[in-house]
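**Q** Here it is, the structure in full.
There are 2 protein chains.
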Amino acid sequence: MRNAQEKDLLLTNLRLPDGGPPGRRILIREGRIAEILPAAAPDPAAPTMDLCGELVLPGLVDGHMHLDKTLFGLPWIPHAAEPFRMSRIENDQNMLPSLPLNTASRAGELLRRCVANGTAHVRSHVDITPAFGLSALEGVLEAKQAHAHAVTMQIVAFPQAGVVRAGGQKMLDLLDAAIRAGADLVGGIDPCEVDRDPKGQLDGIFDIAGRHGVGVDIHLHEPGEMGLFSLQEICLRAKALGMQERVTVSHGFCLGGVKESKQAAAAAMMAEAGVALATHGAGGSTLPPLMLLRRAGVRVFCGNDDIRDTWSPYGNADMLERAAVIGWREDIRHDDLLAELFAMASSGGAEVLGVADHGIAPGNPAHFFTIAAENVADAIGRHPLRGKVFHAGRLVASRGEWVA
Amino acid sequence: MRNAQEKDLLLTNLRLPDGGPPGRRILIREGRIAEILPAAAPDPAAPTMDLCGELVLPGLVDGHMHLDKTLFGLPWIPHAAEPFRMSRIENDQNMLPSLPLNTASRAGELLRRCVANGTAHVRSHVDITPAFGLSALEGVLEAKQAHAHAVTMQIVAFPQAGVVRAGGQKMLDLLDAAIRAGADLVGGIDPCEVDRDPKGQLDGIFDIAGRHGVGVDIHLHEPGEMGLFSLQEICLRAKALGMQERVTVSHGFCLGGVKESKQAAAAAMMAEAGVALATHGAGGSTLPPLMLLRRAGVRVFCGNDDIRDTWSPYGNADMLERAAVIGWREDIRHDDLLAELFAMASSGGAEVLGVADHGIAPGNPAHFFTIAAENVADAIGRHPLRGKVFHAGRLVASRGEWVA
Numbered sequence: 014m015r016n017a018q019e020k021d022l023l024l025t026n027l028r029l030p031d032g033g034p035p036g037r038r039i040l041i042r043e044g045r046i047a048e049i050l051p052a053a054a055p056d057p058a059a060p061t062m063d064l065c066g067e068l069v070l071p072g073l074v075d076g077h078m079h080l081d082k083t084l085f086g087l088p089w090i091p092h093a094a095e096p097f098r099m100s101r102i103e104n105d106q107n108m109l110p111s112l113p114l115n116t117a118s119r120a121g122e123l124l125r126r127c128v129a130n131g132t133a134h135v136r137s138h139v140d141i142t143p144a145f146g147l148s149a150l151e152g153v154l155e156a157k158q159a160h161a162h163a164v165t166m167q168i169v170a171f172p173q174a175g176v177v178r179a180g181g182q183k184m185l186d187l188l189d190a191a192i193r194a195g196a197d198l199v200g201g202i203d204p205c206e207v208d209r210d211p212k213g214q215l216d217g218i219f220d221i222a223g224r225h226g227v228g229v230d231i232h233l234h235e236p237g238e239m240g241l242f243s244l245q246e247i248c249l250r251a252k253a254l255g256m257q258e259r260v261t262v263s264h265g266f267c268l269g270g271v272k273e274s275k276q277a278a279a280a281a282m283m284a285e286a287g288v289a290l291a292t293h294g295a296g297g298s299t300l301p302p303l304m305l306l307r308r309a310g311v312r313v314f315c316g317n318d319d320i321r322d323t324w325s326p327y328g329n330a331d332m333l334e335r336a337a338v339i340g341w342r343e344d345i346r347h348d349d350l351l352a353e354l355f356a357m358a359s360s361g362g363a364e365v366l367g368v369a370d371h372g373i374a375p376g377n378p379a380h381f382f383t384i385a386a387e388n389v390a391d392a393i394g395r396h397p398l399r400g401k402v403f404h405a406g407r408l409v410a411s412r413g414e415w416v417a
Numbered sequence: 014m015r016n017a018q019e020k021d022l023l024l025t026n027l028r029l030p031d032g033g034p035p036g037r038r039i040l041i042r043e044g045r046i047a048e049i050l051p052a053a054a055p056d057p058a059a060p061t062m063d064l065c066g067e068l069v070l071p072g073l074v075d076g077h078m079h080l081d082k083t084l085f086g087l088p089w090i091p092h093a094a095e096p097f098r099m100s101r102i103e104n105d106q107n108m109l110p111s112l113p114l115n116t117a118s119r120a121g122e123l124l125r126r127c128v129a130n131g132t133a134h135v136r137s138h139v140d141i142t143p144a145f146g147l148s149a150l151e152g153v154l155e156a157k158q159a160h161a162h163a164v165t166m167q168i169v170a171f172p173q174a175g176v177v178r179a180g181g182q183k184m185l186d187l188l189d190a191a192i193r194a195g196a197d198l199v200g201g202i203d204p205c206e207v208d209r210d211p212k213g214q215l216d217g218i219f220d221i222a223g224r225h226g227v228g229v230d231i232h233l234h235e236p237g238e239m240g241l242f243s244l245q246e247i248c249l250r251a252k253a254l255g256m257q258e259r260v261t262v263s264h265g266f267c268l269g270g271v272k273e274s275k276q277a278a279a280a281a282m283m284a285e286a287g288v289a290l291a292t293h294g295a296g297g298s299t300l301p302p303l304m305l306l307r308r309a310g311v312r313v314f315c316g317n318d319d320i321r322d323t324w325s326p327y328g329n330a331d332m333l334e335r336a337a338v339i340g341w342r343e344d345i346r347h348d349d350l351l352a353e354l355f356a357m358a359s360s361g362g363a364e365v366l367g368v369a370d371h372g373i374a375p376g377n378p379a380h381f382f383t384i385a386a387e388n389v390a391d392a393i394g395r396h397p398l399r400g401k402v403f404h405a406g407r408l409v410a411s412r413g414e415w416v417a
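Here it is, written out as structure tokens:
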């Protein structure tokens, strides 16, 4: 951790995303942006670092990931599950505990790749299941602490194997224990399709959230009308319990699989209930109408979801590449919409994650990265290698590699 | 161009995708793979190059792109068209001729990025329209010649502005002239939606193809039943004219928007007519059922389509990243399917493009690249920077940069 005794740092030869005048410099002091100096201002007395004329962008936010499932750090392991979700859930319970690298080490491998790609903040779901107990959580908490100087983290206690079908009250007790052990939010999963008892699951997890005053983030893969039903049940509870702004639905594939009038009604319902949507771009599923949701007032943010893990062979932890894929699927082509897309992968996620003072402005924590791109649209479109990554003013990665 | 006098080259410290024994080396002679030497064989007398233990993979194939539309080489130009296809078509006619960099230069910029990403063969559509005449073709032909030592190219004479609606017989005469000027195939576009005269367009372009003995590649964006109707008309002509194996439908979004029984019927029809499908993963449109098509015997191959151009702000010319996006949308997770996916972006495309002797085997042209990946699945999943790229045995790119 930095402290007040650490030297100031003056960053020179950089460009800012506002496209404003050249010659500005960033002065870092005590981990924060002390000042953005105009070209005419003299250099303060401080060590300098040349940013090679690259664009400086605020830290990216990976708002939906699974640190505990990654296979990074291990030789290639072929995908082993059958092609349906319940098989992947069951496969995890057998496979993850028997891997020759523990959760903390694998999560650390992935976190360092996130950081090297300019990610400053993550929300990771962590499996809490009867088979795992709190062991995956303990591993991710260890990785979180070891990388706290480089990335901030929210952890969702995620009942991957279900709640009602995985023990009911015993499972709820486990989720409660996870919150007490350091998880920041309570999770849920497909209350109809996985648990076949939507009331049982949702009452249970919202009760935990209420007792601990934490947020909720629910994986909702359910398609079509079934998914909309579950979404309604989630929104009703968010509103009734006064949890507006503290509930997220992840995926929400159902929103992409119903007709436009139902999409619009669901968007209005989510906006009124203050329920946010996390998207990874939907893969083989139906993509929610992201811009329609935003226009209705729903906070939409992005995450990579599975990154080289037991669920997916794909991924490199790059949120700019993820934004490009999402924008390409959502038909986002104009610069103003690309700026919105960038916000969905940065400030928009920061807002939902409760990260204060996100962005490149005096007084804010010095979480940002450099990239050889002309502007935000170009940075997303090509997503070239990141130059330098700073967290709390400290250089934590360079040219795509973690700085030890 | 290389000639017989050029020195042999021995590539050492490499891995081959068959996962076979280490210690093998590749001997290049006269631009071809002369020999793959087993570990026990002595080194032949030749200059050597150390490939740093990287995996050697055969040259990638970008089977659908638009070299003439790219904006690479220019400062960022915001997307200017309205959000529907006809606006993009009209925008091109105004915008492309007024750019401050000519077609050959822009196409060259993009081609070098393709090569730097390991692409050895491309099929580029080039706009032939009343406004452009053959000027875009001339520019792309110039770029093709200038880069012939690094990449092979097929050119489709593409009536982007339509055929019937863009002059009818005059437009057909222009397409005919394009073939005589050096284009390799005749193109088409949405015979219902753009031309509103499917018989007029298809009879016209198949007539040109027949007279010149060239193939056909038709952009088919049309959705649902309209697209299926056009697809039927294309397949009927391919069969009736004995053009099996020489006709491609690009995109074929309609195949993703109809029920499974119709998909299966269309796949059987395409297989029987020998009509191939080129896909870029469908963006905001409905993705054809790629594996169902393959299982039915349809040749499916991949292309990047728009890369930083007047139609799209996205793209970096990386066919491994493109394969990852397509595989992610198609729910491809297992190693055997990832190997098929790699073929769709390499040997499968080579077959449709008529590239002889594709692949890393003695006697074949030495078109391949190296990558710091464990195997093909890993190379797609993470798509890291390419190491070295060879074309006809010559080093043409290194660490993602074109070698002059």
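These protein sequence lines map, in sequence, to chains A and B. Quick note on this note's numbering: the first sequence kicks off at 14 and runs consecutively. Quick note on this note's numbering: the second sequence kicks off at 14 and runs consecutively. Heads up, the beta-carbon is just placed ideally off N, CA and C, and yes, glycines get one too. Fair warning: this is a prediction, and the values are worked out from it, not measured in the lab.
1. Where valine 135 of chain A and methionine 166 of chain A are concerned, what is the direct C-alpha to C-alpha distance, given to the nearest angstrom?
2. Straight-line CA distance for arginine 259 of chain A to valine 229 of chain A?
3. Listing by chain order, which chain A residues have their CB less than 9 Å from the CB of serine 325 of chain B?
4. Measuring CA to CA, which of B/Ile384, B/Ile168, B/Ala405 is closest to glycine 76 of chain B?
5. Rounded to the nearest angstrom, what separates lysine 275 of chain A and proline 236 of chain A at their Cα positions?
6. Report the CB separation of glutamine 173 of chain A from isoleucine 102 of chain A in whole angstroms; it is logged as a contact under 8 Å.
7. What are the boundary residues of the beta strand (DSSP E) that cysteine 315 of chain A is part of?
8. If you run the structure through DSSP and keep just helix, strand and coil, what is glycine 201 of chain A?
9. Which stretch, first to last residue, makes up the beta strand (DSSP E) that contains alanine 120 of chain B?
10. Please report the residue range of the alpha helix (DSSP H) in which serine 243 of chain A lies.
11. In the DSSP assignment, find the alpha helix (DSSP H) that holds phenylalanine 219 of chain A and state where it starts and stops.
12. Any beta-carbon of chain B closer than 8 Å to the one on glycine 297 of chain A?
13. Tell me the rounded alpha-carbon separation between methionine 470 of chain B and glycine 287 of chain A.
14. Spatial neighbours of glycine 269 of chain B within its chain, please: C-beta separation below 6 Å, excluding the five flanking residues on both sides.
15. Spell out whether any CB of chain C is found under 8 Å from the CB atom of glycine 328 of chain A.
16. Looking at the C-beta of arginine 412 of chain A, does it have a partner C-beta in chain B at a distance below 8 Å?
17. Going by beta carbon distance, what residues of the same chain come within less than 7 Å of alanine 379 of chain B, once the five residues before and after it are set aside?
18. Quick one: is arginine 209 of chain B buried, meaning 16 or more other Cβ sit within 10 Å of its Cβ, or exposed?
19. I'd like to know whether the C-beta atoms of isoleucine 345 of chain B and leucine 354 of chain B end up nearer to each other than 8 Å.
20. Quick one: does valine 338 of chain A have its CB under 8 Å from some CB of chain B?
21. Taking DSSP as the reference, what is the three-state secondary structure of aspartate 391 of chain A?
22. Quick one: using the 10 Å Cβ neighbour count with 16 as the cut-off for buried, is glutamine 182 of chain A buried or exposed?
23. For glutamate 325 of chain B, does the count of other Cβ atoms within 10 angstroms reach 16, so buried, or fall short, so exposed?
24. Can you tell which of B/Leu254, B/His232, B/Leu124, B/Leu233 has its C-alpha closest to the C-alpha of alanine 410 of chain B?
25. Beta-carbon within less than 8 Å of proline 113 of chain A's beta-carbon, same chain only, minus the 5 sequence neighbours each way: which residues are those?
26. Identify the continuous beta strand (DSSP E) that holds serine 411 of chain B and give its terminal residues.
27. Whose Cβ in chain A lies nearer than 7 Å to the Cβ of tryptophan 12 of chain B?
28. Excluding the 5 residues flanking aspartate 374 of chain A on each side, which residues of the same chain have their C-beta closer than 7 Å to its C-beta?
29. In the DSSP output, what is glutamine 158 of chain B paired with across the bridge?
30. Counting only C-beta atoms, is asparagine 16 of chain B closer than 8 Å to chain A at any point?
31. Between which two residues does the alpha helix (DSSP H) containing isoleucine 39 of chain A stretch?
32. From the DSSP output, in three-state form, read off lysine 401 of chain A for me.
33. Tell me which same chain residues have a C-beta within less than 8 Å of the C-beta of leucine 154 of chain A, skipping the five on either side of it?
34. For the alpha helix (DSSP H) that contains arginine 308 of chain B, what are its first and last residues?
35. In angstroms with no decimal places, state the Cα-to-Cα distance between glutamate 238 of chain B and cysteine 267 of chain B.
36. Mapping the DSSP letters down to three states, classify glutamine 106 of chain B as helix, strand or coil.
**A** The answer reads as follows:
1. On the first sequence, position 122 is the one that residue 135 of chain A refers to. On the first sequence, position 153 is the one that residue 166 of chain A refers to. Rounded to whole angstroms, valine 135 of chain A to methionine 166 of chain A spans 5 Å at the Cα level.
2. Position 246 of the first sequence holds residue 259 of chain A. Position 216 of the first sequence holds residue 229 of chain A. Going from the Cα of arginine 259 of chain A to the Cα of valine 229 of chain A covers about 6 Å.
3. Position 312 of the second sequence, counted from the start, is the residue given in the question as residue 325 of chain B. Close to serine 325 of chain B, with beta-carbon spacing below 9 Å, are these residues of chain A in chain order: Trp341, Arg346, Gly394.
4. Here residue 76 of chain B refers to the residue found at position 63 of the second sequence. It is B/Ile168.
5. If you number the first sequence from 1, residue 275 of chain A lands on position 262. If you number the first sequence from 1, residue 236 of chain A lands on position 223. Here the C-alpha atom of lysine 275 of chain A lies approximately 13 Å from the C-alpha atom of proline 236 of chain A.
6. As a position in the first sequence, residue 173 of chain A is number 160, starting the count at 1. As a position in the first sequence, residue 102 of chain A is number 89, starting the count at 1. Right, the Cβ-Cβ distance comes to about 6 Å (below 8 Å), so this counts as a contact.
7. Counted from its first residue, the first sequence places residue 315 of chain A at position 302. Looking at the DSSP string, the run of the beta strand (DSSP E) that includes cysteine 315 of chain A is 313 to 315.
8. Taking the first sequence and counting its residues from 1, the one referred to as residue 201 of chain A is at position 188. Glycine 201 of chain A falls in the strand class under three-state DSSP.
9. The sequence position of residue 120 of chain B within the second sequence is 107, counting from 1. Run containing alanine 120 of chain B: none in the beta strand (DSSP E); it sits in the alpha helix (DSSP H), 116 to 129.
10. Along the first sequence, one-based indexing puts residue 243 of chain A at 230. Serine 243 of chain A -> alpha helix (DSSP H) spans 237 to 253.
11. Residue 219 of chain A sits at position 206 when you count from the first residue of the first sequence. 211 to 225 is the extent of the alpha helix (DSSP H) around phenylalanine 219 of chain A.
12. Counting from one through the first sequence, the residue named residue 297 of chain A turns up at place 284. Yes, glycine 297 of chain A lies at the interface with chain B (some Cβ there is under 8 Å from its Cβ).
13. Residue 470 of chain B cannot be examined here, being either before or after the span of chain B that is shown, 14 to 417.
14. Indexing the second sequence from 1 puts residue 269 of chain B at position 256. Thr299, Leu300, Pro301.
15. Considering every chain present, this structure includes no chain C. Its protein chains are A and B.
16. Walking along the first sequence from the start, residue 412 of chain A turns up at place 399. Closer than 8 Å: no.
17. Within the second sequence, the letter at position 366 stands for residue 379 of chain B. Here the set comprises Ile41, Gly44, Arg45, Ile46, Phe403, Ala405, Gly406.
18. Residue 209 of chain B sits at position 196 when you count from the first residue of the second sequence. By the neighbour-count criterion, in which a residue is buried when 16 or more other Cβ atoms sit within 10 angstroms of its Cβ, arginine 209 of chain B is exposed.
19. Taking the second sequence and counting its residues from 1, one reaches residue 345 of chain B at position 332. Taking the second sequence and counting its residues from 1, one reaches residue 354 of chain B at position 341. It is a contact, given that the beta carbons lie within the stated cut-off.
20. In the first sequence, the residue the question calls residue 338 of chain A occupies position 325. Cβ-Cβ to chain B under 8 Å: yes for valine 338 of chain A.
21. On the first sequence, position 378 is the one that residue 391 of chain A refers to. Helix, per DSSP.
22. Taking the first sequence and counting its residues from 1, one reaches residue 182 of chain A at position 169. Exposed, by the Cβ-count rule.
23. Start at 1 with the first residue of the second sequence, and residue 325 of chain B comes out as number 312. This sequence places serine at residue 325 of chain B; glutamate is not what is there. So serine 325 of chain B ends up on the buried side.
24. Working through the second sequence from its first residue, we reach residue 410 of chain B at position 397. Per the Cα distances, B/Leu124.
25. Here residue 113 of chain A is taken as the residue at index 100 of the first sequence, counted from 1. So the list reads Leu87, once near-sequence residues are dropped.
26. For the purposes of this step, residue 411 of chain B is taken as the residue at position 398 of the second sequence. 407 to 411 is the extent of the beta strand (DSSP E) around serine 411 of chain B.
27. No answer is possible for residue 12 of chain B: the residues shown for chain B start at 14 and end at 417.
28. Position 361 of the first sequence holds residue 374 of chain A. Reading off the sequence shown, one finds alanine at residue 374 of chain A, where the question assumed aspartate. For alanine 374 of chain A, the CB contacts under 7 Å within the same chain, skipping 5 residues up- and downstream, are Ile46 in chain order.
29. The residue you call residue 158 of chain B lines up with position 145 of the second sequence. Per DSSP, none; premise fails for glutamine 158 of chain B.
30. Position 3 of the second sequence holds residue 16 of chain B. Only weak support is given to the placement of asparagine 16 of chain B: the predicted model assigns it a pLDDT of 44, under 50, and the question is left unresolved by the model.
31. The count along the first sequence starts at 1 and reaches residue 39 of chain A at position 26. Where isoleucine 39 of chain A is concerned, there is no enclosing alpha helix (DSSP H), although the beta strand (DSSP E) it sits in stretches over 38 to 42.
32. Here residue 401 of chain A is taken as the residue at index 388 of the first sequence, counted from 1. Assigned with DSSP and collapsed to three states, lysine 401 of chain A falls in strand.
33. For the purposes of this step, residue 154 of chain A is taken as residue 141 along the first sequence, with counting starting at 1. Result list for leucine 154 of chain A: Ile168, Ala194, Gly195, in chain order.
34. Your numbering for residue 308 of chain B matches position 295 in the second sequence. Residue range 303 to 308 is occupied by the alpha helix (DSSP H) that includes arginine 308 of chain B.
35. In the second sequence, the residue the question calls residue 238 of chain B occupies position 225. In the second sequence, the residue the question calls residue 267 of chain B occupies position 254. The alpha-carbon atoms of glutamate 238 of chain B and cysteine 267 of chain B are separated by roughly 7 Å.
36. As a position in the second sequence, residue 106 of chain B is number 93, starting the count at 1. If DSSP states are grouped into helix, strand and coil, glutamine 106 of chain B belongs with the helices.
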